[in-house]
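Everything below concerns the one structure shown next.
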Amino acid sequence: MTEASGAWVSLFSGGKDSSYALYLALERGIDVDRLLTIHPEGDSYMYHVPATELATLAADSIGIRSLDVHPDSFETEEATDSGTQGDREVEPLETALRSLAADTAGGIAGLVVGAVESEYQRERVERLCTEFDCELFAPLWQADPRALATDMLAADFEIVIVQVAAHGLDESWLGRPLDHAAIDELETLADSHGVHLLGEGGEFETMVLDAPHMDRRLDIEYETTWDGTRGSITVTDASLE
């Protein structure tokens with residue numbers, strides 16, 4: 009896999025899934041050349057939304073160049089369903105990859121993605137890999153949620169919850185570490201409220217503050233916003249320790 013010419017690009021939000029997929033790629037010896045972060049304006053079916061501004065800081069800690077893309081809102085009158093909006097959401101990613109391919113000797117060698125269960129995301133990424141004639145490394149795909157969460161913690165990932173949007177998850181979860189105790193509670197909520205252990209249904213979003221492939225830990229200060237049913241953190245200050 010690593011012998012392909014061109015550049016490996018990791019789709020990177022700073023959340024647990026994209027961060028762990030990148031970590032596994034580096035452990036496997038894949039020479040990731042660029043971290044590509046899409047910063048959506050408003051809701052997105054395709055991309056992680058909250059606190060993506062921290063992804064650039066995380067990239068500095070990891071030591072891999074980042075490319076940040078700030079598209080306009082995907083929500084238009086023409087996007088009347090998730091499929092139509094999803095196709096629109098791929099456009100800025102495709103444009104960014106085309107630019108990278110044109111500026112890189114050998115083009116795009118492969119994409120690293122953190123998809124776990126979303127056919128919606130995987131189908132569109134596979135389509136891009138076909139278009140750019142590159143490989144796909146999706147090491148989390150169809151992994152057992154509990155085993156995957158346990159593996160992340162065993163690898164010394166420090167993960168914090170930055171957004172919640174599901175029954176059973178209240179304001180106290182905002183800023184809470186995703187540790188073994190939290191995972192145990194999420195398993196209980198999976199039985200009582202149908203919450204996915206990894207937040208695959210959009211129940212919660214995360215940010216990785218520290219991991220073995222990061223040279224320096226992210227230190228953040230934040231405020232919380234809660235409307236009674238869902239909430240998120242707003243980062244007021246962030247730095248590398």
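Position in the sequence shown counted from 1, then plus 8, gives you our numbering. The beta carbon of each residue, even a glycine, is placed where N, CA and C say it ideally should be.
**OP:** Pull up the distance between the alpha-carbon of L34 and that of G14, whole angstroms please.
**Re:** 16 Å
Original post:
What distance in whole Å lies between the Cβ atoms of R42 and V77, which are believed to be in contact at a cut-off of 8 Å?
Top reply: In fact, because the Cβ distance is near 12 Å, the residues do not count as touching under 8 Å.
Subject >> Span separating the alpha-carbon of E61 from that of T196 >> reply: The C-alpha of E61 lies about 32 Å from the C-alpha of T196.
**OP:** Return yes when the Cβ of S21 is within less than 8 Å of the Cβ of T45, no when it is not.
**Re:** yes
Original post:
Using DSSP with H/G/I as helix, E/B as strand and the rest coil, what is T10?
Top reply: The pLDDT assigned to T10 is 44, lower than 50, so where the model puts this residue is not dependable, and the model offers no usable value.
Original post:
Taking the alpha helix (DSSP H) that S27 falls in, what are its first and last residues?
Top reply: 24–36
Original post:
Quick one: what's got a C-beta closer than 6 Å to L144's C-beta in the same chain, skipping five residues either side?
Top reply: In chain order, L119, C137 place their CB closer than 6 Å to the CB of L144, counting only its own chain and leaving out the 5 sequence neighbours on each side.
Original post:
Around the C-beta of G236, are 16 or more other C-beta atoms found within 10 angstroms, so that it is buried, or is it exposed?
Top reply: exposed
Subject >> Three CB pairs or more closer than 8 Å across the region 151–159 and the region 213–226 >> reply: no
Original post:
Cβ of A162 within 8 Å of Cβ of G210?
Top reply: When the beta-carbon positions are compared, A162 and G210 stay at least 8 Å from each other.
**OP:** Give the straight-line distance between the Cα atoms of G207 and V170, rounded to the nearest whole angstrom.
**Re:** 12 Å
Original post:
Looking at the structure shown, is E231 part of a helix, part of a strand, or coil, going by DSSP?
Top reply: strand
Subject >> Where T196 falls: helix, strand or coil (DSSP) >> reply: helix
Subject >> Between the CA atoms of R224 and I166 - distance to the nearest angstrom >> reply: In the sequence under discussion, the amino acid at residue 166 is Glu, which differs from the Ile named in the question. Distance between the alpha carbons of E166 and R224: 12 Å.
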